[in-house]
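Below: the structure, in structure tokens.
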Amino acid sequence: MEPRNILAIDFGTTNTYFSKCPADQISPVGIDFGTGRDGLPTAILYRGDREPLVGEPALHEYGEASDGERSQYRLRTQFKPDIVSSDDAAHAAADFLRVVVQQAQRQHIALDPGKHDVIIGVPSEAHGPFQTKISQIAAEAGYGDVRLVDEPKGALLHHLWHKDFSPEEARRGILVIDFGGGTCDFAFLQSLQVSHSWGDMELGGRLFDDLFFQWLLEQNPGVLKAMEKAGDTYYVHSYLCREVKEFFSLTMARDRTEKVNKSVGRYGSLRGMDWDGFLERAKSYLPSPTFVLQMESMRVRAERILQRQKSMDLIDWFRTTLAHGLTEKAVATDQISRVILAGGSSQWPFVPDVVTETLGIDRSHLMRSDRPYAVISQGLAILPALQKNFEQTREKLRRDLPRFCQAQVRPLAERVTESYVTGVAADVTSELFDRTIRPIVEEFREKGGAVKTLRESIAAQVKANESKLRAILEKRMHTLQRGLPGELNELLRNWFESYGLSVGEKPIAEAQRGVIGQEIVQPDTPDLYSGIMDTVGWFVVALATAVGASISGGGGMALVAAGPAGWIAGAVIGAVVAFLAVRYGMSRAKELADTWNAPAWIVKNVLLPSRIARMRGDFQCRLKETLQRETKALQDELESRIRQVTEKQIEGLSEVAQL
Ligand SMILES: Nc1ncnc2c1ncn2[C@@H]1O[C@H](COP(=O)(O)OP(=O)(O)OP(=O)(O)O)[C@@H](O)[C@H]1O
Ligand SMILES: [Mg+2]
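Each residue of the sequence shown is one higher than the last, beginning at -8 in my numbering.
Below, the structure written as structure tokens:
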């Protein structure tokens, strides 16, 4: 059977979002019900014999209705949390979902659950009974047999698709904060599965709407009466004041020193709103009688709000909900590698502040889409297409990895090792040959003597200069350490990108942070980089050790015995043997050569300046060859480690494919 297109629903307490996406193509579209915003309020208005209204029209109609009309109406909102315990809530949910489709069809919005595979998000705290119930409700509302997926996974998938982190990183600890209109949910995901979740069913954006409502009343005495008289209170509270709030919040996100003015329909205006004024009100917030009445009339269960006993600190409420959950669920902050901010209220500029302070993590680890309220439904909608896509990509990566290693990683490793070795050989030649060995050889040429003594004094000088050799290695090592990670990172990043995958680029994200305003939450880097850093760290140390050992050996004598000191002595001995052979014959000459005290005139004749110059070239060349031999195995090992880092990324893809 042809895979059908996907319809994903983020059925929220306050708002519900619908997104569509083809099954084989990652291109989600949010459904706009004509308000210019994504989604619609989760609200249904029963109007006696007339057909119910849902979404914005329901709230509006109820808000504008006269007392007489209202007595005929029944508005139901925020029913989602109660669908298991209350039949009434379950009916409201089913009616809501059904009427949304009818209303959409009348508006010629293509929304036909019958023609789609339907995915519905469920809160991660929700257990069996909730899931059973929501499935029943969906079936009853005409959505067929729906697939349920944890809401926070939607947010995670959305950011994964946007390449805000790599699949491999998505396997590690990711905290999803969904701060919506009515609730605030936290979920900690590992290996793309929710391992802990918690939240607060009363802490949501509507409390802030109420804060602004009270601010409005404070600045415009008498306005409440006028509102009540006109039957506009609900509308002003939940709609106009929400707009004021969002405008204020967006302004503050840009610049907290601004002062904001905004008119509120025909009910006057709010003037001179500033961050301090907001903080002061948020610190000692008490729900307004209007708000409490509204909640009661909608039969919303929210003890802390309805009791209205002592004032509360809204920002601290958010902070403690986060902190207590972490403690209670024993989630260590160092397990959290990324934080996704979802839900409309996560746009409050205090949210990133509180999160970074509480978790002690850097702002660059937070990410938030520019439409954080829509990420869950969009992420759910792309799930099948993303899975398919990742499945294919994973196969391709697996297939192409050996060729990539062969054609790109290996040449890089070779080039890097080669340039390290060449550099070390050049430095050592000038330090050791020019400054140390050449003067000894020249003195030997002037004075003559035994080759054995020559060898020993070169050996002693080499040993005396060991610390200089070490300094050369270290200097070269630092250069390597600075350059190599970037090169490897770029190589891998380009390779992954050629498959449409992201692996980020840490150094750039770090650098940008200072420049961009502090409110801007940066999506950044996956952790490929730390895998590369580990590998490079290992490689550089191993390279330096191998090179160091072949120059000065474990006890500092290898070079002396078999290395450069031996090569020089060998060259001199050859000439001496040639001279002695004339008198003693070849084999005797060889025996004598090492200890024979050669007179200066003979040495002068065999050790011509041109020969010393050749010795230098020979010295450098043989040094390089030795080092190359020693480091060959390391190139293979580097390649294989990079292969492992890459395999890990590919594994990350497998987990997405298995969601
Ligand atoms: N820029 C903004 N600053 C602060 N709050 C905002 C901003 N934009 C939207 N909001 C608020 O976000 C809330 C809506 O968020 P969202 O649609 O994610 O909630 P929801 O999913 O329906 O609610 P819940 O998750 O609680 O069931 C509203 O209170 C809205 O006013
Ligand atoms: Mg929500």
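Each residue gets a CB set at the ideal place from its N, CA and C atoms; glycine is no exception. Being a predicted model, the structure only gives us computed values, none of them experimental.
query	result
C-alpha distance - Thr123 paired with Lys639, whole-angstrom precision	36 Å
Rounded C-alpha distance that separates Gly21 from Lys11	6 Å
Through-space distance from Leu183 to Lys154, alpha-carbon basis	15 Å
DSSP bridge partner residues for Ala178 (one or two, in chain order)	Val167 and Ser188
Limits of the beta strand (DSSP E) - the one that Cys12 falls within	Asn6 to Cys12
Ala321 in three-state terms, based on DSSP	coil
CA-to-CA distance, Val137 to Ser126, given in whole angstroms	6 Å
Through-space distance from Asp15 to Ala376, alpha-carbon basis	5 Å
Whole-Å CB distance - Ile327 paired with Gly112, under 8 Å assumed	With a Cβ gap of about 22 Å, Ile327 and Gly112 do not count as contacting.
Gly608 to Arg406 span [Cα, whole Å]	22 Å
When Arg473, Ile367 and Ala441 are compared against Pro19, the one with the closest alpha-carbon	Ile367
Residue nearest to Ala49 in terms of C-alpha spacing, selected from Ile35, Glu55, Glu60 and Arg61	Ile35
Rounded separation between Lys144 and Gly370 - CA only	7 Å
Residue of Gly222, Asp307 and Ile373 minimising C-alpha distance to His149	Ile373
Option nearest Thr427 by Cα separation, candidates Arg446, Thr413 and Lys274	Arg446
Identity of the residues DSSP links to Thr68 by a beta bridge	Ala34
Assigned secondary structure, Val531 (DSSP; H/G/I helix, E/B strand, else coil)	helix
Gln378 versus Arg329: straight-line alpha-carbon distance, rounded	22 Å
Spatial neighbours of Asp29 in its chain, beta-carbon cut-off 6 Å, leaving aside the 5 residues before and after	Tyr8, Gly21 and Ala365
Helix, strand or coil at Leu241 [DSSP, three-state]	helix
C-beta atoms of Thr384 and Leu644 nearer than 8 Å	yes
Contact set for Val636: own chain, Cβ-Cβ below 7 Å, skip 5 residues either direction	Leu519, Gly522, Ile523 and Thr526
Val235 vs Leu277 beta-carbon contact at 8 Å	no
CB of Ile306 within 8 Å of CB of Phe341, strictly	yes
Closest Cα partner of Glu628 within the set Val400, Lys106, Leu(-2) and Cys175	Val400
Where the alpha helix (DSSP H) containing Leu270 begins and where it ends	Trp266 to Lys274
Residues sharing a beta bridge with Asp108, DSSP	Ile(-3)
Any non-hydrogen atom of ligand 1 closer than 7 Å to Asn6 Cβ	yes
Same chain, Cβ closer than 8 Å to Phe121, neighbours up to 5 away in sequence not counted	Ile74, Val75, Val113 and Pro114
Asp1 Cβ short of 7 Å to ligand 2 heavy atom set	yes
Beta-carbon proximity check, Leu66 vs Met289, cutoff 8 Å	yes
Bridge partner(s) assigned by DSSP for Arg613	BP columns for Arg613 are empty, so no partner.
Where Arg257 falls, given that 16 or more other Cβ within 10 Å makes a residue buried	exposed
Alpha carbon of Arg504 to alpha carbon of Gly133, nearest angstrom	At Arg504, the pLDDT of 30 sits below 50, so the modelled position is not reliable; the number obtained from the coordinates is stated separately. Rounded to the nearest angstrom, the two C-alpha atoms are 49 Å apart.
Other residues of its chain near Arg(-5): CB distance less than 8 Å, five sequence neighbours each side excluded	Ala14, Lys106, His107 and Asp108
Simplified DSSP state of Ser279, which is helix, strand or coil	coil
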